[in-house]
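J.: Per numbering that gives the first Met the number 0: the sequence shown = residues 0 to 289.
All C-beta atoms, glycine included, are put in the ideal place defined by N, C-alpha and C.
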Amino acid sequence: MEKGVEMNRKSALAALVFICFLSAISLTRFIASVRANPYTNVSVSAAKAMIDSNPNLVILDVRYLYEYEDGHIRNAILIPKDELAGRLDELDKEKETLVYCRSGVRSAAACAILDANSFTSVYNMQGGILAWISVGYPIEIIFGVIWEEKTYPVITFSNSTIDNFGFNQPLKQINFTVAGSSGTFGFCNVTIPKVLLNGDFTVLIDSIQTDYTLTQNITHSFVYFPYSHSTHWVKIIGTRVIGEPPVGGVSIPVNKLELLAPYIGLASTILIVTVATAIYVKHANRTKEK
């Protein structure tokens with residue numbers, strides 16, 4: 000009887016050990032599966048919904064600078080994938096972070112770096128910005144206008160393909176083309192530095208004047224206009240442009256004023272001496288008359 004009880008105990012203990020062993024294997028596999036895909040893959044439509052609903056969402060672009068300037072999601076932070084490991088302190092580990100690149104390969108690698116460094120909520124936008132553009136979502140593009148060795152950024156935010164950008168100082172205008180799937184809704188919002196182009200604006204689409212909405216702050220003008228998609232030439236014409244004399248006077252660049260400074264100082268000295276001499280002579284003549 001005692002032998003039977005002892006055997007049952009040993010059998011139960013062996014069964015318990017075996018169950019624990021299986022549980023440990025299952026737990027190990029579960030942890031491994033979680034670590035194999037620690038971030039969440041999302042479609043561009045899900046990414047757009049995240050952006051629209053969460054103002055605190057961190058949007059991380061891990062492409063190169065030239066790619067970013069050619070078009071990026073608005074409010075995206077640029078940290079190239081190869082620099083990410085050394086710049087993690089620029090990001091908040093506790094905030095939801097949406098990562099994208101050109102097609103989804105570099106962003107997946109960047110998500111793995113973030114996960115390995117304890118970022119809690121990381122999302123990889125599958126298909127990258129190519130997929131984003133293909134469904135007609137808007138992007139922001141930075142165009143650098145160079146005038147007298149200084150660059151003035153003009154920024155477009157549009158769901159159209161922007162091309163052929165140019166700045167014509169004599170004509171006081173910015174021009175470019177917009178293109179998209181024929182008949183669909185298109186829009187463009189252009190941010191223009193006031194020091195570059197300002198005044199009363201006229202917007203022409205294919206040489207036809209169109210309505211627009213203008214908002215401004217101290218330094219920039221924001222010109223918004225909608226259109227039906229096709230390929231269009233756009234011209235934004237101002238009434239004041241960089242490099243022209245201000246109304247009622249002659250414009251002299253600061254660097255040329257610096258060159259004139261010694262002559263201005265000399266002229267001031269001569270004027271002071273002349274006035275002092277005249278006063279002295281007048282005083283001397285009065286003394287003689289007395």
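Rounded to whole angstroms, how far is the Cβ of ILE141 from the Cβ of GLU95, which I believe are closer than 8 Å?
T.: Between GLU95 and ILE141 the Cβ distance is about 26 Å, and since that is not below 8 Å, they are no contact.
J.: Checking the sheet assignment: what are the DSSP bridge partners for TYR226?
T.: Note: TYR226 sits in a beta bridge opposite GLY185.
J.: On the CB-based measure, 16 or more other CB atoms within 10 Å of its CB, does ILE235 come out buried or exposed?
T.: Flag for ILE235 reads buried.
J.: If you measure between the beta carbons of ILE78 and TYR99, is that distance less than 8 Å?
T.: Contact: no.
J.: In three-state DSSP terms, what is GLY198?
T.: It is coil, neither helix nor strand.
J.: Within this structure, are the beta carbons of LEU113 and ALA46 separated by less than 8 Å?
T.: Cβ distance not < 8 Å, so LEU113 and ALA46 don't count as in contact.
J.: May I have the straight-line CA-CA distance separating ASN123 from ALA108, to the nearest angstrom?
T.: Their backbone Cα atoms lie some 9 Å apart in a straight line.
J.: Should HIS228 and SER157 be called a contact, given that it needs their Cβ atoms to be closer than 8 Å?
T.: No, Cβ-Cβ distance for HIS228 and SER157 is not below 8 Å.
J.: What do you reckon, are the CB atoms on GLN298 and ILE241 nearer than 8 Å?
T.: The structure shown does not extend to residue 298, since the chain is modelled only from 0 through 289, so no value can be given for it.
J.: Helix, strand or coil: how does DSSP classify ARG86 here?
T.: Coil at ARG86, not helix or strand.
J.: Is it buried or exposed, LEU195, if we count other Cβ atoms within 10 angstroms and call 16 or more buried?
T.: The residue in question, LEU195, is buried, as its Cβ has 16 or more Cβ neighbours within 10 Å.
J.: Taking 8 Å as the cut-off, decide whether the C-beta atoms of ASN163 and PHE175 are in contact.
T.: For ASN163 and PHE175, yes; Cβs fall inside 8 Å.
J.: Here's the rule I'm using: 16 or more other beta-carbon atoms within 10 Å means buried, otherwise exposed. How should ILE145 be labelled?
T.: That one is exposed.
J.: Quick one: what's THR214 bridged to in DSSP?
T.: Per DSSP, PHE221.
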